[in-house]
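Asks:
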Amino acid sequence: MGVALGKKLDGDPNLFRVDNGKLSVYSYPAALKGFSGDVEGNGAKADANWPGISNIAPKDL
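Every letter in the sequence shown is one number past the one before it in the working numbering, and letter 45, counting from 1, is 53.
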């Protein structure tokens, strides 16, 4: 969910889901719930955002 919002966050390995072969790890239960509300849309946002933030330190986002 963080990447869908243009951020990089620490993840809790106990909060995850796998969609279309992609593993997503979430920081807290509300993030998992929020992402799950629109998996396709949030996944598309995350895919679009990742190339632009992949090389940026989390503190700089």
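Positions of the beta carbon are idealized from the N, C-alpha and C atoms, including for glycine.
This one's a predicted model, so the numbers in the text were calculated from it and none came from an experiment.
(1) Taking P21 as part of the beta strand (DSSP E), name the residues at either end of that continuous run.
(2) May I ask you to verify whether the region 13-30 touches the region 40-55, counting CB pairs closer than 8 Å and requiring at least 3?
(3) Should P37 be flagged as near chain C, meaning a C-beta pair shorter than 8 Å?
(4) Once the 5 residues before and after A56 are set aside, which same chain residues still bring their CB inside 7 Å of it?
(5) Restricting to Cα atoms, I'd like to know which of G51, A52, S35 is closest to K16.
Replies: Taking the coordinates as given:
(1) Counting along the chain, the beta strand (DSSP E) containing P21 begins and ends at 20-27.
(2) Touching, per the Cβ criterion.
(3) Going by chain labels, chain C is absent from the structure shown, which holds only one protein chain.
(4) Its chain contains no residue whose beta carbon lies nearer than 7 Å to that of A56 once the 5 sequence neighbours on both sides are disregarded.
(5) Residue S35 holds the alpha-carbon nearest to the alpha-carbon of K16 among G51, A52, S35.
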